[in-house]
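Right, one structure below, let's go through it.
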Amino acid sequence: MPMTNSTPRDLFPGALEMMILESLRRQPAHGYALVQHIQQRSNNLLQVEEGSLYPALQRLLKARLVKAEWGISSTNRRVRTYQITAAGLEHLEQQISSFERMFEGIALVLNPGRTPAR
Amino acid sequence: MSWFSRIFRRANIYSDLVEEMRLHLEERTEQLMREGMSRNEAEQAARRAFGNRTVIEERSREIWQWPTFESIWADVRYALRQLKNSPGFSITVILSLTLGLGANTTIFTFVNALLLRPPAVADAGYVVEVMEHNAKASGIEAYMPFSYLGYVNLRDHNHTLSGFAAFDGDPRTVSWSHDGQGQMVFGQLVSSNFFSVLGVTPSLGRFFQTDEDKSGPGAPTAVISYSFWRHQLGGDRSVIGRALVFNGASYTVVGVSPRAFTGILIGSQPDFWTTLAMTPTLIHDPDRMGSDTSYWLLGIGRLKPGVLKNEAQADLTVLTRSTHSSNPHEAVLDASAFPVQLVPSPFRGYVAAFTGLLMAAVGLVLLIACANAANLVLARATTRRRELAVRSALGASRFRIIRQALTESLMLSMMGGAGGLLLAYWSIPALLSLKPATIPVSVEAPLDWRVFAFAFAASFLSGIAFGVVPALRSTRRDLLPALKDERQLAGPRRSRLRSSIVVAQITVCLVLLISAGLCVQSLFNARSIDPGFSTHNIAVAHLDPGSLGYTESRDRQFYQQLLERVRALPGVSAASLSGYLPLGTSRSIQGVQIDGFTPPPGQDGILVQVAYVAPDFFNTMGIPVLNGREFLPEDMHPGSTGIIVNQAMAAHFWPGRNPIGQQFKNGKEAAEIVGVVKTGKYRSLSENPLDFMYLPLGSQPQKYLVVRTRAGEEATLGEIRRVIQSLDPNVVPMEMESISQYMALPLFAAHTTGLLLAIFGSVALLLATIGLSGVVSYSVSQRTNEIGVRMALGADRLDVVKLILKQGMRLTAIGILCGLVLSFAATRILAGLLYGIKPGDPLTFVAVSLFLATVAFLSCYVPARRAASVDPMKSLRAE
Numbered sequence: 001m002p003m004t005n006s007t008p009r010d011l012f013p014g015a016l017e018m019m020i021l022e023s024l025r026r027q028p029a030h031g032y033a034l035v036q037h038i039q040q041r042s043n044n045l046l047q048v049e050e051g052s053l054y055p056a057l058q059r060l061l062k063a064r065l066v067k068a069e070w071g072i073s074s075t076n077r078r079v080r081t082y083q084i085t086a087a088g089l090e091h092l093e094q095q096i097s098s099f100e101r102m103f104e105g106i107a108l109v110l111n112p113g114r115t116p117a118r
Numbered sequence: 001m002s003w004f005s006r007i008f009r010r011a012n013i014y015s016d017l018v019e020e021m022r023l024h025l026e027e028r029t030e031q032l033m034r035e036g037m038s039r040n041e042a043e044q045a046a047r048r049a050f051g052n053r054t055v056i057e058e059r060s061r062e063i064w065q066w067p068t069f070e071s072i073w074a075d076v077r078y079a080l081r082q083l084k085n086s087p088g089f090s091i092t093v094i095l096s097l098t099l100g101l102g103a104n105t106t107i108f109t110f111v112n113a114l115l116l117r118p119p120a121v122a123d124a125g126y127v128v129e130v131m132e133h134n135a136k137a138s139g140i141e142a143y144m145p146f147s148y149l150g151y152v153n154l155r156d157h158n159h160t161l162s163g164f165a166a167f168d169g170d171p172r173t174v175s176w177s178h179d180g181q182g183q184m185v186f187g188q189l190v191s192s193n194f195f196s197v198l199g200v201t202p203s204l205g206r207f208f209q210t211d212e213d214k215s216g217p218g219a220p221t222a223v224i225s226y227s228f229w230r231h232q233l234g235g236d237r238s239v240i241g242r243a244l245v246f247n248g249a250s251y252t253v254v255g256v257s258p259r260a261f262t263g264i265l266i267g268s269q270p271d272f273w274t275t276l277a278m279t280p281t282l283i284h285d286p287d288r289m290g291s292d293t294s295y296w297l298l299g300i301g302r303l304k305p306g307v308l309k310n311e312a313q314a315d316l317t318v319l320t321r322s323t324h325s326s327n328p329h330e331a332v333l334d335a336s337a338f339p340v341q342l343v344p345s346p347f348r349g350y351v352a353a354f355t356g357l358l359m360a361a362v363g364l365v366l367l368i369a370c371a372n373a374a375n376l377v378l379a380r381a382t383t384r385r386r387e388l389a390v391r392s393a394l395g396a397s398r399f400r401i402i403r404q405a406l407t408e409s410l411m412l413s414m415m416g417g418a419g420g421l422l423l424a425y426w427s428i429p430a431l432l433s434l435k436p437a438t439i440p441v442s443v444e445a446p447l448d449w450r451v452f453a454f455a456f457a458a459s460f461l462s463g464i465a466f467g468v469v470p471a472l473r474s475t476r477r478d479l480l481p482a483l484k485d486e487r488q489l490a491g492p493r494r495s496r497l498r499s500s501i502v503v504a505q506i507t508v509c510l511v512l513l514i515s516a517g518l519c520v521q522s523l524f525n526a527r528s529i530d531p532g533f534s535t536h537n538i539a540v541a542h543l544d545p546g547s548l549g550y551t552e553s554r555d556r557q558f559y560q561q562l563l564e565r566v567r568a569l570p571g572v573s574a575a576s577l578s579g580y581l582p583l584g585t586s587r588s589i590q591g592v593q594i595d596g597f598t599p600p601p602g603q604d605g606i607l608v609q610v611a612y613v614a615p616d617f618f619n620t621m622g623i624p625v626l627n628g629r630e631f632l633p634e635d636m637h638p639g640s641t642g643i644i645v646n647q648a649m650a651a652h653f654w655p656g657r658n659p660i661g662q663q664f665k666n667g668k669e670a671a672e673i674v675g676v677v678k679t680g681k682y683r684s685l686s687e688n689p690l691d692f693m694y695l696p697l698g699s700q701p702q703k704y705l706v707v708r709t710r711a712g713e714e715a716t717l718g719e720i721r722r723v724i725q726s727l728d729p730n731v732v733p734m735e736m737e738s739i740s741q742y743m744a745l746p747l748f749a750a751h752t753t754g755l756l757l758a759i760f761g762s763v764a765l766l767l768a769t770i771g772l773s774g775v776v777s778y779s780v781s782q783r784t785n786e787i788g789v790r791m792a793l794g795a796d797r798l799d800v801v802k803l804i805l806k807q808g809m810r811l812t813a814i815g816i817l818c819g820l821v822l823s824f825a826a827t828r829i830l831a832g833l834l835y836g837i838k839p840g841d842p843l844t845f846v847a848v849s850l851f852l853a854t855v856a857f858l859s860c861y862v863p864a865r866r867a868a869s870v871d872p873m874k875s876l877r878a879e
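First to last, the sequence lines map onto chains A and B.
Read left to right, the first sequence gives residues 1 to 118 (my numbering).
Read left to right, the second sequence gives residues 1 to 879 (my numbering).
Set out below in structure tokens:
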């Protein structure tokens, strides 16, 4: 297999869940649509194995951060649509703020000369 | 959602997921086809983009599972299947472990019963037991009970206890008269606040009221124990208010104790309790309550909130010293407070040493059992190499395989542990029955949660111990040769591990066998020690008509008639009375003044052990009179001066002279020696000769009746019982036994350790033999080729037998050498228990080693013979 893709495939733990919650905050979606959405939004920088979405969705379901319902999509397909719950919204806020702090921290360490824009 | 409904929802969750994933792939495929791919290409591309469906499905399922519960369950089922497929292996391992774990569980049950189990009182952590303590004395001797006045002083003036109760340390043997006859029961005198201080609530009725012990003998009341109520009174709920006659007085039952409460000292489980006010009535000692020199009460206090044990002890010490300050001659006595426990602090060390020794012995047995199991598991791991190789080739991780292997050994050890519990359940009553029936204490050894927890923990640790090394080994190997079914030559490392396990087994086994050998010899030595009296054809009864309130003349009349009638019984050749029996628990000491001997400083006389006996005692007991005569009826009259001494005392004070007619002062009384008897054993079988003297039996109501009979001890005991019944049906003998039953008490420790160590030693030997022959057989099966080649090249059968034997005996020799060294150290612990044999007894060491070597030789010989019967052609063709 040619080594064309140098981007590490593994995201840090929780990253996929965060992106799923963020997408669902905009609008409820089924699994396939979520994959499409994440790949498009990241300009295909994030090469997520499509299947890995499902364990993540199961984790969110179990933690009751999302809920799922079978229905018919606008394109007339049978789909299982996921929707973010109130707990999911709250969790997402927390995750994003802690992620931002972590990211800021990493940036400071990597670029010691720069002070954070505060 | 409860976990319960979650289980049933699982199936739905999984099918939703599968369906969802299928739809996802379908949608992707359609999308790709719209972009121009063929159906085939599109399906493949969609699958590639999706990733490994099985793995994803698996990972999604895991989210809903309890982290590992379901996979462990799968491991367990797999392990059970594996074990079922090799029943010989499983049964051997399980039986080994059953023996090892059973021995441990049994002994632990006793440790628990004696040392761990708390008494059934409320908030035991705040309850302290209090005794007087002489800081100058050491050991048990330093602890003393309180007098009643001493107790009252502490109860009324302490600042640190919310309640201070007292109880009579010795449960009293009491005659319970019902249906026209007497029955022996145990009664305990307690202060009226006893139950409230302990925080116990009655299962029926009430306990004593606060002032019930102060009012003096009003209407006597009693609280009866649950088991007395259940077993003697049929659990009759209308028992409250009923009158029971104890020692001739009528007591009204006011309450029944809870089932769990059996007293706060091990061994003393009273049938009833009554208040201290009843002391004069129950034990016919009118002076006891007013005396400040009879020490008989143990204290029980409940700490006030926030008070520490040591603060209470300091507080009580001040009070105790003030109690004794009026008497300058007495030693300085402090108060000592310790946590309430079934075996109180001063005695715990002794109990712990004895049970600790037994725990060490069974620990060694378990070690051997685990070594056996490890060896068998290692051997089996080799035959299962292919299976393991296939599993890891299919992608099972190393961790997963180790977990699987450990699950198997844990299944084995848990089954062994369950077997061990059963073994303990059966053997505990047998062990309890070793206690001489005549010791008037009952010991409970319940299988409670602590025992189960211990059995579980011991099983678990054993399972890990014998499973972990084989598990690690079995996964550290190249797959390829195993998959190709290449016969792995018995690698030096593997066989070295198994060999060292066997060496360790033999080492430990020898330590146990030598200890057992020493204890068994010591038991025989103890049995053959001459106690100085006859140990056959004597019947003994311990009587106390005084407990029925007999007057002195009635008492004399009773014994007079008893002796007359017993002497007339068929087969009875002699009968006598005494206040004492040698090797019993009671002892008395007298100070004597003898010309030419100065007593030790601070003492009025030289202390000599003394006993009070009636005429014909020595004849009845078979104690030879060496010089002079035995007591005659006229010696019993007040004012007579005749006494009898033993040979040791005669030789000590009147060496080279005729002791008969020698005079000395016994206390203030004049004494003249009329007889000398053979020196016997008085306090313990292992003692050195003691000075001992006999005085005429006085009028104390408590006496031993000793009867020499040719008609069989049991039959005579029955006759004696009938005689006593006919004299007064309410007189209940406290003990009735043959002299050999009586001897069970002094032999108890030797008997128990000898028997138990012999059992443990045999078990260890059996296990080590299995281990050794297992290793040798295994190496025979591994070396079949080699043996075939050797035989093809001209080795004869004898050479082969020698070859195999040499291997086994080399291991045995190393094990025995290590074992001898260890035994020299280990048997020192036994020193205190051994009679007439030194811990390092060379004969025992050599004999036991030879014995073990012989057994080892035999256990190697069988596989060696099998090796010699190898057909060289067959074994070479099998290659």
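Each residue gets a CB set at the ideal place from its N, CA and C atoms; glycine is no exception.
Owing to the predicted nature of the structure, the values given are computational and were not obtained by experimental measurement.
Shown here for residue 380 (chain B): same chain residues with a beta carbon closer than 6 Å to its own, the five before and five after excluded, namely 89 in chain order.
Within chain B, the residues 49, 50, 51 have their CB atoms less than 8 Å from the CB of residue 49 (chain A), given in chain order.
Within the DSSP bridge table, the entry for residue 704 (chain B) names B:542, B:578 as partners. In this structure, the CA atom of residue 363 (chain B) is about 56 Å from the CA atom of residue 66 (chain A). The count of Cβ pairs closer than 8 Å, one atom from the stretch 531-547 of chain B and one from the stretch 677-692 of chain B, reaches three, so the stretches are in contact.
Under a 10 Å Cβ-count criterion, residue 414 (chain B) is classified as buried, with 16 or more other Cβ atoms of the shown protein chains found around its own Cβ. Interface flag for residue 397 (chain B) against chain A is unset, since no Cβ pair is found closer than 7 Å.
Rounded to the nearest angstrom, the gap between the Cα atoms of residue 30 (chain A) and residue 22 (chain B) is 13 Å. Shown in chain order are the members of the stretch 15-48 of chain A whose Cβ falls below 7 Å from a Cβ of chain B: 31, 32. Restricted to the stretch 733-790 of chain B, the beta strand (DSSP E) segments that are unbroken, complete and at least 3 residues in length are 735-738, listed in chain order. In chain A, no part has a C-beta under 9 Å from the C-beta of residue 33 (chain B); the shortest such distance is about 15 Å. Listed in chain order, the non-local C-beta contacts of residue 411 (chain B) below 6 Å within the same chain comprise 79, local neighbours out to five positions each way being set aside. Residues of chain B with a Cβ closer than 7 Å to the Cβ of residue 55 (chain A) are, in chain order, 56, 59, 60, 63. Between residue 80 (chain A) and chain B, the shortest Cβ-Cβ separation is below 7 Å. Comparing C-alpha distances from residue 20 (chain B) to each of A:98, A:46, A:50 shows the shortest one belongs to A:50. For residue 517 (chain B), the secondary structure class from DSSP, reduced to helix, strand or coil, is helix.
Looking at the backbone, the Cα of residue 626 (chain B) and that of residue 314 (chain B) are separated by about 56 Å. From the beta-carbon of residue 41 (chain B), no residue of chain A is found nearer than 8 Å; the closest lies around 17 Å away. A distance below 7 Å separates the beta carbons of residue 574 (chain B) and residue 619 (chain B). One thing to note: residue 856 (chain B) has its Cβ within 7 Å of the Cβ of residue 772 (chain B).
Relative to residue 335 (chain B), the option among B:429, B:316, B:691, B:237 whose CA is nearest is B:316. Under the DSSP assignment, residue 133 (chain B) falls in the beta strand (DSSP E) whose first and last residues are 127-134.
Counting only residues of its own chain and dropping the five nearest sequence neighbours on each side, residue 29 (chain B) has a CB closer than 6 Å to the CB of 42, 43, 46. Listed along chain A, the residues sitting closer than 9 Å to residue 21 (chain B) by beta-carbon distance are 31, 51, 54.
The criterion of a C-beta distance shorter than 7 Å is satisfied by residue 709 (chain B) and residue 537 (chain B). For residue 24 (chain B), the neighbours in chain A by C-beta distance under 9 Å run, in chain order, 30, 31, 32, 35, 50, 51, 53, 54. Residue 715 (chain B) and residue 540 (chain B) have their alpha carbons spaced roughly 12 Å apart. Nearest C-alpha to residue 34 (chain A) among A:108, A:12, A:112, A:84: A:84.
In the three-state reduction of the DSSP assignment, residue 310 (chain B) falls in the helix class, which pools H, G and I. Excluding its 5 nearest sequence neighbours in each direction, residue 795 (chain B) has no C-beta neighbour in its own chain below 7 Å.
By the Cβ-count criterion, residue 649 (chain B) is buried, with 16 or more other Cβ atoms from all chains shown falling within 10 Å of its own Cβ. Assignment of beta-bridge partners to residue 627 (chain B) by DSSP yields B:676.
In the three-state DSSP reduction, residue 231 (chain B) falls in the helix class (H, G or I). Between the stretch 779-786 of chain B and the stretch 506-520 of chain B, the count of C-beta pairs closer than 8 Å stays below three; the two stretches do not touch.
Taking C-beta atoms as the reference points, residue 699 (chain B) and residue 247 (chain B) fail to come closer than 7 Å. When C-alpha distances from residue 862 (chain B) are compared across B:114, B:800, B:819, the shortest belongs to B:800.
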